[in-house]
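Participant: Going by our numbering, the sequence shown opens with residue 2, and the numbers climb by one from there. Using N, Cα and C, we set each Cβ at its ideal position, and we do this for glycine too.
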Amino acid sequence: MPRQLPDYLRPGLDVVFVGFNPGERSARVGHYYAGRGNQFWNFLFESGLIPEKLDWKDDHRILEFGFGLTDLVKRWSKSSSELRAEEYREGNARLAQRLQQRAPGARVIAFNGKGVYEKFRGHAARLGWQRETIEGARIFVLPSTSGRNGSLTRAEKLGYFYLLARWMKKHAR
Numbered sequence: 002m003p004r005q006l007p008d009y010l011r012p013g014l015d016v017v018f019v020g021f022n023p024g025e026r027s028a029r030v031g032h033y034y035a036g037r038g039n040q041f042w043n044f045l046f047e048s049g050l051i052p053e054k055l056d057w058k059d060d061h062r063i064l065e066f067g068f069g070l071t072d073l074v075k076r077w078s079k080s081s082s083e084l085r086a087e088e089y090r091e092g093n094a095r096l097a098q099r100l101q102q103r104a105p106g107a108r109v110i111a112f113n114g115k116g117v118y119e120k121f122r123g124h125a126a127r128l129g130w131q132r133e134t135i136e137g138a139r140i141f142v143l144p145s146t147s148g149r150n151g152s153l154t155r156a157e158k159l160g161y162f163y164l165l166a167r168w169m170k171k172h173a174r
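1. Kindly indicate the opening and closing residues of the alpha helix (DSSP H) around residue 42.
2. If residue 117 sits next to residue 73, beta carbons under 8 angstroms apart, how far is it from one beta carbon to the other, in whole angstroms?
3. Based on DSSP bridge pairs, tell me the residues matched to residue 111.
4. How is residue 63 classed by DSSP in three states: helix, strand or coil?
5. May I ask which residues mark the beginning and end of the beta strand (DSSP E) holding residue 175?
6. Sort out for me which residues DSSP pairs residue 71 with in a bridge.
7. Hey, how far is the Cα of residue 29 from the Cα of residue 63?
8. Decide if residue 124 is buried, meaning its Cβ has at least 16 other Cβ atoms within 10 Å, or exposed.
9. Got a sec? Which residues, its chain only, sit under 7 angstroms from residue 10 by beta carbon, not counting five neighbours each side?
10. Taking residue 26 as the reference, which of 141, 160, 147 has the closest Cα?
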């Protein structure tokens with residue numbers, strides 16, 4: 002039975018990763034980025050953001066590395082195109098509230114997909130660093146790690162994780 006995924010948030014995180022919403026498989030198994038072909042966990046390790054290889058079953062461990070996980074919309078769907086405008090409006094307000102109350106002091110909010118950030122902010126965006134901030138945190142837009150996202154090659158997607166990892170190393174606490 003599909004279920005809502007928990008937020009993995011706490012104060013002072015280095016990066017909070019924000020996805021669109023849980024896909025069908027993630028909701029069924031109860032873990033983030035569990036979709037076949039989703040490269041999220043591989044990219045975290047390959048880029049050096051985390052020192053050991055994790056997979057979707059280990060999502061609860063993300064906090065150990067100073068990272069958090071949440072979604073713009075908590076309801077699962079087969080595709081983000083199934084989400085309604087009111088779900089995005091409600092999700093935007095809830096996400097801002099979650100970040101303020103449950104993840105204050107986060108250094109970076111990383112949106113996993115340009116479309117997620119565009120839905121959150123209501124305007125077009127580019128991949129990479131944004132000029133805006135959220136609760137004092139810098140914003141970084143990653144290409145979607147979903148296997149369905151064929152707009153960039155695997156290497157190009159991984160390159161954005163390397164950019165984030167380089168910034169994190171340069172600005173280590």
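Facilitator: On the basis of the supplied data:
1. 41–47
2. Taking 8 angstroms as the upper bound for CB-CB distance, residue 117 and residue 73 are in contact here, some 6 angstroms apart.
3. Residue pairing of residue 111 in beta bridges, as defined by DSSP: 18, 141.
4. Helix, per DSSP.
5. Coverage of the chain is limited to positions 2 through 174, which leaves residue 175 absent and any answer about it impossible.
6. 19
7. 20 angstroms
8. Exposed is the call here.
9. 17, 69, 71, 99, 103, 104
10. 147
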